[in-house]
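Visitor: Below are the structure tokens for one structure; questions will follow.
Numbering (our numbering), first residue to last: 2 to 92.
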């Protein structure tokens, strides 16, 4: 879920940006999760034909459609006493 949260709202991020934003994730685990989300059609990998290579990640339209669902989850967590930022991921 952390990867999805980092990419909501049309954000495009590089691997290193995601790695810094997600506390405690290893490079191996992040790469594995990104591949799974890409295979599921939720995240797209954008490769630029540059030297050195540049790769960015963004949500697909289908991945972005999960924003209202995850925002509702954050609101529920806030009511249950957890730390949440309601409406952070709504558009």
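A virtual CB, placed ideally from N, CA and C, is assigned to each residue, including glycine.
Since the structure is predicted, the reported quantities are computational estimates derived from the model, not experimental observations.
From residue 59 to residue 45, what does the alpha carbon distance come to, in whole angstroms?
Guide: 5 Å
Visitor: Is the CB-CB distance between residue 5 and residue 75 below 9 Å?
Guide: no
Visitor: Would you check if the distance between the CB atom of residue 20 and the CB atom of residue 13 is smaller than 9 Å?
Guide: Result no, Cβ atoms of residue 20 and residue 13 do not sit closer than 9 Å.
Visitor: What separation, rounded to the nearest whole angstrom, lies between the Cα atoms of residue 7 and residue 35?
Guide: Distance between residue 7 and residue 35, taken at the CA atoms: about 12 Å.
Visitor: Would you report the Cα separation of residue 32 and residue 81, rounded to the nearest angstrom?
Guide: For residue 32 and residue 81, the distance between alpha carbons rounds to 32 Å.
Visitor: Starting from the N-terminal side, write out each stretch of the beta strand (DSSP E) that is 3 residues or longer and does not extend beyond the stretch 33-76.
Guide: 44-49 and 55-60
Visitor: Any idea if residue 92 is buried or exposed, counting beta-carbon neighbours within 10 angstroms, 16 or more meaning buried?
Guide: With a pLDDT of only 47 at residue 92, under the threshold of 50, the placement of this residue in the model should not be trusted, and no figure is reported.
Visitor: Thinking just about the alpha-carbon of each residue, which of 3, 62 and 18 is nearest to the one in residue 43?
Guide: 62
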